[in-house]
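J.: One structure coming up, written as structure tokens, with questions to follow.
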Amino acid sequence: MIVTLVRHGQASFAADDYDQLSELGREQSIRLGHFLKTQEEDLGTVITGGLLRHKQTAEALFEGYGSEFNTLVDEHWNEFDHVDVIRQFVVRHPQYQDDVLSKDARRVLPVLAEALRFWQTGKAADSYIECWETFHQRLKKGWQQLVGVAEDTTKVTVITSGGPIALSSLLALQADHKHFVDFNTKLVNSSYSRFNLTAQKHELLSFNEQAHVSGKFSKLRSYR
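Laid out in structure tokens, this is it:
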């Protein structure tokens, strides 16, 4: 079975509620839907994570595609809580507090990268809403759930977030988890990555496809 993991459109980075698509994020998602339609891509069974930005991405993608699809919700595909990951890091490294409070992406994102690396070490694991190992196991369960879906379809489209896509790619490649931050930060909003899923494993076929926001549409490309 072919599984396409779609990263949600751009969310509202500096807003009080991050879990909302920005206007650009909505445009990206509509554009993706239109692109997939022109390529005569069959979405198959559509699954979203449980976050609002996942649902909004699906709605905009369907608008661009020109068709409605019944969707399933599976919270195994939710993003990790990046706010908590940063909070727990800054509690232990207060010198970064001003950078986080600035809400300036150029200052916040480097702190997030360091916070993610600290999260992965497993130090203070009990302090997190969800520690790295729990996130890892949750995502594995998400893939296990897809094996059951494979009995009814040959294609699945999952609308999720950068963290699950990055970790899924590392697991498929059997790569060291130290590369998680590098994979995660390279993912374009509304990009998609493809996998072949069998009962035993998932294999990476493509990573971070973004033709729909290239060329004359490159102004729609964003990473955060």
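When we follow my numbering, the leftmost residue of the sequence shown carries the number 104, and every step to the right adds one. Every residue gets a Cβ at the ideal spot worked out from N, C-alpha and C, and that includes glycine. For clarity, every value in this text was computed on a predicted model and none was experimentally measured.
Can you tell me which residues form a DSSP beta bridge with Lys258?
T.: Your numbering for residue 258 matches position 155 in the sequence shown. In the DSSP output, where bridge partners are listed per residue, Lys258 has Ile105.
J.: Apart from the five residues just before and just after Thr160, which ones in its own chain have a Cβ nearer than 6 Å to its Cβ?
T.: In the sequence shown, the residue the question calls residue 160 occupies position 57. His111, Gly112, Ser132, Ile262, listed in sequence order.
J.: At which residues does the beta strand (DSSP E) containing Ser309 begin and terminate?
T.: Within the sequence shown, residue 309 is the residue found at index 206, counting from 1. Element bounds for Ser309: 305-312.
J.: What does the alpha-carbon distance come out to for the pair Asp271 and Leu242?
T.: Position 168 of the sequence shown, counting from 1, holds the residue named residue 271. Position 139 of the sequence shown, counting from 1, holds the residue named residue 242. In the sequence as presented, Asp is not what sits at residue 271; that position holds Ser. Looking at the two C-alpha atoms, the distance is approximately 8 Å.
J.: Quick test of your reading: Val286 and Val106, contact by CB under 8 Å. State the CB separation rounded to the nearest angstrom.
T.: Residue 286 sits at position 183 when you count from the first residue of the sequence shown. Residue 106 sits at position 3 when you count from the first residue of the sequence shown. Going by the sequence as given, residue 286 is Phe instead of Val. Phe286 to Val106, Cβ: 17 Å. No contact.
J.: To which residues of the same chain is Cys234 closer than 8 Å at the C-beta, ignoring the five residues directly before and after it?
T.: Your numbering for residue 234 matches position 131 in the sequence shown. Within the same chain, Cys234 has close Cβ partners Trp222, Gly225, Ala228.
J.: What does a CB cutoff of less than 7 Å around Leu276 pick up in its chain, not counting 5 residues either side in sequence?
T.: Within the sequence shown, the letter at position 173 stands for residue 276. Cβ neighbours of Leu276 beyond the five flanking positions: Leu307.
J.: Beta-carbon within less than 7 Å of Arg190's beta-carbon, same chain only, minus the 5 sequence neighbours each way: which residues are those?
T.: To locate residue 190, count along the sequence shown from 1; it is residue 87. So the list is empty, once near-sequence residues are dropped.
J.: Would you report the Cα separation of Leu204 and Glu130, rounded to the nearest angstrom?
T.: Locating residue 204 in the sequence shown gives position 101, where the first residue counts as 1. Locating residue 130 in the sequence shown gives position 27, where the first residue counts as 1. Distance between the alpha carbons of Leu204 and Glu130: 29 Å.
J.: Could you pull out every unbroken alpha helix (DSSP H) segment of at least 4 residues lying fully inside the segment 148-213, listed in chain order?
T.: Whole alpha helix (DSSP H) segments, 4+ residues: 155-168, 185-195, 200-204.
J.: Does DSSP put Ser296 in a helix, in a strand, or in coil?
T.: Numbered from 1 along the sequence shown, position 193 holds the residue referred to as residue 296. Three-state result, Ser296: strand.
J.: Near Asn311, which residues of its chain fall below 7 Å by C-beta distance, leaving aside the five closest residues on each side in sequence?
T.: For the purposes of this step, residue 311 is taken as residue 208 along the sequence shown, with counting starting at 1. So the list reads Lys289, Leu290, Val291, Ser294, Ser296, once near-sequence residues are dropped.
J.: Would you call the segment 136-143 and the segment 163-176 in contact, with 3 or more CB pairs under 8 Å?
T.: Flag = yes, the segment 136-143 and the segment 163-176 touch.
J.: So the alpha helix (DSSP H) Lys289 belongs to, where does it begin and stop?
T.: Numbered from 1 along the sequence shown, position 186 holds the residue referred to as residue 289. Here the alpha helix (DSSP H) through Lys289 covers 283-289.
J.: Judging by CA-CA distance, which residue of Leu249, Arg209, Val176 is the nearest neighbour of Lys304?
T.: The sequence position of residue 304 within the sequence shown is 201, counting from 1. Of the listed residues, the one whose Cα sits closest to Lys304 is Leu249.
J.: So what's Ala114 in DSSP terms, helix, strand or just coil?
T.: Reading the sequence shown from its first residue, position 11 is the one you call residue 114. In this structure, Ala114 counts as strand in the three-state DSSP scheme.
J.: Would you report the Cα separation of Lys258 and His315, rounded to the nearest angstrom?
T.: Locating residue 258 in the sequence shown gives position 155, counting from the first residue. Locating residue 315 in the sequence shown gives position 212, counting from the first residue. Their backbone Cα atoms lie some 20 Å apart in a straight line.
J.: Between the Cα of Lys322 and those of Ser115, Tyr121, Leu108, Gly128, spot the shortest distance and give me the residue it belongs to.
T.: Numbered from its first residue, the sequence shown carries residue 322 at position 219. Ranking the options by Cα distance to Lys322, first place goes to Gly128.
J.: Can you tell me whether Phe172 is buried or exposed? The criterion is at least 16 other CB atoms within 10 Å of its CB, across all chains shown.
T.: Position 69 of the sequence shown, counted from the start, is the residue given in the question as residue 172. Exposed is the call here.
J.: Where do the ends of the alpha helix (DSSP H) carrying Phe138 lie?
T.: Translated into the one-based positions of the sequence shown, residue 138 becomes position 35. Element bounds for Phe138: 126-141.
J.: Thr263 bridges to which residues according to DSSP?
T.: Looking up residue 263 in the sequence shown gives position 160. DSSP, once it has assigned bridges, lists Arg110 as partnering Thr263.
J.: To the nearest angstrom, how far is the alpha carbon of Ser309 from that of Gly152?
T.: To locate residue 309, count along the sequence shown from 1; it is residue 206. To locate residue 152, count along the sequence shown from 1; it is residue 49. Ser309 and Gly152: Cα-Cα distance of roughly 21 Å.
J.: Taking the C-alpha atoms as reference points, what is the distance between Phe183 and Pro267?
T.: On the sequence shown, position 80 is the one that residue 183 refers to. On the sequence shown, position 164 is the one that residue 267 refers to. Looking at the two C-alpha atoms, the distance is approximately 8 Å.
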